[in-house]
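Protein chains in written order, with our numbering: chain A, 1 to 442; chain B, 443 to 924.
Have a look at this one:
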């Protein structure tokens with residue numbers, strides 16, 4: 001698994017770690033440096049008397065360091081990776097010391113145990129107890145839903161014209177009630193409603209649409225038992241009650257394939273970091289979304305970056321349109337993609353795909369799409385993407401990103417991957433001859 | 443539907459309707475729920491039925507491909523990315539210069555960041571333009587904030603710099619043209635002058651300093667007498683002071699003659715008693731600037747000395763060193779030295795005077811440095827070497843390192859290397875911040891030398907930075923010298 005400097009930079013939890021890592025790239029600081037086909041390791045002189053022992057697993061993304069830092073990967077691991085990428089001659093091939101082989105062995109064992117435990121869970125899952133828990137929660141949620149339905153009716157009866165003058169507490173109060181009723185998803189929808197009020201002249205339409213969306217969720221909740229099982233799962237996800245990870249790993253079939261990372265985003269809200277990683281399976285020809293969370297630091301255990309390819313087994317969350325998935329085993333690094341992934345030739349096919357997805361799961365927000373032959377452009381201060389038929393769609397990107405995307409394409413059609421919400425596209429990567437050219441950085 | 447929602451169903455009882463196809467879905471509910479259900483359905487239906495327009499607007503022509511562009515796969519790209527992120531101007535300038543010499547341009551992905559850097563730091567613009575290339579120009583054309591790069595990828599000799607560039611670029615064009623066609627450049631300036639702002643005039647006029655000739659006198663004299671901006675007139679007066687045969691020079695000489703006499707190699711200085719008639723027409727000022735602790739007479743003397751051609755003093759049959767040493771002992775030392783300093787700075791190519799002035803000493807080292815920088819490189823180096831090798835003061839050394847902004851000679855570097863242990867021992871924080879700058883100064887042939895650093899924790903971080911910079915420079919030279 002050969003990482004490029006760009007990919008290593010993308011893995012850093014924050015700027016301070018990256019800066020510290022760069023200052024650790026002089027081989028003089030590393031009394032011991034070595035690599036084998038499986039791993040990369042080193043001893044780094046820190047401020048203490050004993051040097052820190054750092055190792056990086058080259059087959060299955062991950063690293064370990066004896067330093068006390070809570071960030072992951074720590075600056076020592078990043079520094080080691082940077083040395084390997086930029087000064088490979090300083091890292092000699094040799095046999096790994098015992099502390100490295102011990103770590104690798106325990107990693108393999110843990111991974112095997114995890115897979116075994118998952119299949120065991122599969123066999124001993126108690127369906128009856130699970131059903132009881134579900135029914136109890138569902139009843140509570142339905143009560144909450146009815147309360148919200150009455151609230152919605154009040155709103156519509158009295159009229160929403162005075163929304164802009166309502167204090168924030170008006171909305172946070174009902175959102176909090178929904179959290180109490182164990183439907184935090186409905187609470188989020190109320191918050192989203194509130195933020196729509198201040199978006200300008202067109203707010204009544206958007207707010208009404210959102211009220212309608214919430215109402216449909218409640219209507220669906222009323223008829224929960226009669227919904228097809230995959231749709232139940234989608235509804236639960238919207239209501240803020242997704243399946244447990246363990247449950248998913250225990251009950252869903254495992255899909256093994258070579259997966260390429262096509263895009264990645266990081267978002268932070270109230271100190272909770274969310275990482276979305278989009279994977280494309282070479283044989284299954286399906287997309288998967290890994291959703292991971294970290295509190296405080298932007299530290300994620302599995303180091304994945306756009307352009308990497310891994311061999312792994314995934315378990316999809318049930319859904320009418322399965323996207324979200326979990327890694328069921330330790331991913332193993334694979335060589336980069338040999339053939340290009342498929343892409344829509346124009347926006348029309350992309351929109352049809354979105355409509356299809358919506359007809360299955362009406363609450364779908366974003367669809368991962370790959371498009372060929374699109375040209376980013378700026379016109380009258382609007383950022384647009386134009387396909388070969390001349391159809392144009394709005395682009396949604398960060399400030400410097402827009403220009404970086406424009407610079408990579410320079411007025412020529414390119415292949416992109418991004419998230420489509422029905423109206424706008426957020427480009428997460430552009431590709432040239434099988435390698436990522438533009439990569440969204442936030 | 444929206445208006446019903448705004449007013450409330452209590453006030454508007456008409457049942458909401460979607461379409462014939464969808465209305466059956468709304469049956470059997472109260473008015474409120476009917477409206478909510480309709481809103482929810484239409485939300486989904488609209489999302490699925492999006493039909494973005496096919497545009498008939500023409501697209502911007504794609505950027506011409508630039509064969510000189512570095513590919514993203516090059517090992518230089520991450521290095522350059524880091525340089526731009528860290529924003530250290532000296533290294534960025536050096537990297538851009540190396541790229542330009544190898545006739546290469548920045549990779550696409552770095553162009554927006556480079557443009558932002560040029561927008562915020564105008565001193566980097568001249569270095570960035572050649573390496574932004576055609577692609578940079580194409581992108582800059584789409585963002586008014588990046589106007590400075592519109593002519594990236596073109597040379598100062600390109601006429602478009604005059605027609606389309608900003609004031610700095612136009613001044614650079616004139617300066618370039620003055621080398622091959624001085625009168626043509628002057629004519630261009632003459633024609634443009636009436637239509638320019640005062641600020642632009644102040645930036646463009648100094649370009650005439652190159653290849654200054656007597657034919658330039660009429661135009662500059664007209665600027666001196668008629669321009670509305672004091673700053674511009676002062677620039678004109680300084681230019682004319684470099685033409686010893688001009689009317690202006692004659693007038694100044696006449697005025698100075700009244701104040702300076704000499705007998706048997708001794709100078710007698712008697713500053714003017716009054717501010718003469720017609721002096722303000724020549725951009726001289728009656729009142730000294732606030733904060734200058736000189737009396738009126740001293741101030742007038744200073745101005746006279748600063749604007750009279752230095753060659754006049756030589757007619758007194760004294761050499762520059764002699765004149766200066768007598769001036770330094772005179773009771774009018776301050777205005778005289780200040781006047782000489784200004785004259786030497788504006789009347790360039792006066793190596794004798796500059797060296798004499800520096801030898802005279804008593805100058806703030808800052809001033810000495812600035813003066814030394816006006817010398818041709820061979821002379822400047824000797825001055826710097828002297829300061830570096832004689833000064834054991836690390837604070838001063840730091841100043842030299844930071845302001846000696848040109849290519850150091852091997853002997854300057856060796857002088858610094860020898861003094862290094864003395865400077866380090868003083869553990870000066872100013873010197874610590876100059877260490878990374880020192881790494882940028884090492885002449886390229888010595889980059890590979892290893893240095894013996896004493897183990898002082900105070901400098902640990904700065905030394906890391908020092909080594910990183912030398913590593914970066916070595917890579918740049920290795921890759922681009924092939």
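Just so you know, even glycine gets a beta-carbon here, dropped at the ideal spot from N, CA and C.
In the structure shown, residue 823(B) adopts helical secondary structure according to DSSP, grouped into three states. The Cβ of residue 882(B) sits no closer than 8 Å to any Cβ of chain A. A Cβ of chain A is located within less than 8 Å of the beta carbon of residue 494(B).
Of the candidates 101(A), 358(A), 297(A), 335(A), the residue whose Cα lies closest to the Cα of residue 322(A) is 358(A). If you check each beta-carbon in the stretch 467 to 486 of chain B against every beta-carbon of chain A, the ones closer than 9 Å belong to 472, 473, 474, 475, 477, 478, 479, 480, 481, 482, 483, 484, 485, 486. Taking C-alpha positions only, residue 573(B) is separated from residue 256(A) by approximately 47 Å. Taking all protein chains in view, the Cβ of residue 209(A) is crowded by 16 or more other Cβ atoms within 10 Å, so the residue is classified as buried. The alpha carbon of residue 708(B) has as its nearest neighbour, out of 792(B), 799(B), 767(B), 530(B), the alpha carbon of 767(B).
No Cβ of chain A is located within less than 8 Å of the beta carbon of residue 896(B). Residue 34(A) is bridged by DSSP to 41(A). For the stretch 396 to 424 of chain A, the residues whose beta carbon sits under 7 Å from a beta carbon of chain B are, in order, 400, 403, 404, 406, 407, 408, 410, 411, 412, 422, 423. Beta-bridge analysis with DSSP links residue 332(A) to 311(A). Against chain B, a Cβ distance below 8 Å from residue 306(A) picks out nothing, because the smallest value is about 13 Å. The beta carbons of residue 714(B) and residue 744(B) sit about 11 Å from each other, so the pair does not count as a contact at 8 Å. Taking CB atoms only, residue 6(A) has a neighbour in chain B less than 8 Å away. Between the alpha carbons of residue 906(B) and residue 865(B) lies a gap of roughly 18 Å. For the stretch 147 to 165 of chain A, the beta-carbon criterion of a distance under 7 Å to any beta-carbon of chain B is satisfied by 152, 153, 156, 157, 158, 159, 160, 161.
In this structure, residue 553(B) and residue 581(B) form a Cβ contact; the two beta carbons are roughly 6 Å apart against a cut-off of 8 Å. For residue 23(A), the closest Cβ of chain B is nearer than 8 Å.
The three-state secondary structure of residue 871(B), taken from DSSP, is helix. In terms of Cα proximity to residue 402(A), the closest of 422(A), 423(A), 427(A), 419(A) is 427(A).
Proximity of chain A to residue 911(B) at the Cβ level (cut-off 9 Å) is not reached, the minimal Cβ distance being about 12 Å. Of all residues in the stretch 375 to 398 of chain A, the ones placed with a Cβ closer than 9 Å to any Cβ belonging to chain B are 375, 377, 378, 379, 384, 386, 389, 390, 391, 392, 393, 394, in chain order.
With respect to residue 393(A), residue 61(A) sits apart: the two C-beta atoms are not nearer than 8 Å. Residue-level contact by beta carbon fails for residue 319(A) and chain B, as no gap is shorter than 8 Å.
Residue environment analysis places residue 669(B) among the buried positions, since at least 16 neighbouring C-beta atoms fall within 10 angstroms of its C-beta. Boundaries of the alpha helix (DSSP H) harbouring residue 196(A): 184 to 196, taken from the DSSP string. Taking the CA atoms as reference points, residue 23(A) sits about 27 Å from residue 295(A). Its chain contains 598 as the residues whose beta carbon lies nearer than 6 Å to that of residue 614(B), once the 5 sequence neighbours on both sides are disregarded; these appear in chain order. Contact annotation, residue 86(A) with residue 25(A): C-beta distance approximately 7 Å; criterion of less than 8 Å satisfied. For residue 155(A), the closest of 452(B), 838(B), 747(B) by C-alpha to C-alpha distance is 452(B). Taking a 10 Å sphere around the C-beta of residue 99(A), we find fewer than 16 other C-beta atoms and assign the residue as exposed.
Among the residues facing chain B, residue 355(A) is included, as its CB has a counterpart in that chain under 8 Å away.
Residues of the stretch 444 to 459 of chain B that bring their beta carbon within less than 8 Å of a beta carbon in chain A comprise 444, 447, 448, 449, 450, 451, 452, 453, in sequence order.
With fewer than 16 other Cβ atoms from the protein chains shown falling within 10 Å of its own Cβ, residue 92(A) counts as exposed.
Closer than 8 Å to the CB of residue 347(A) there is at least one CB belonging to chain B.
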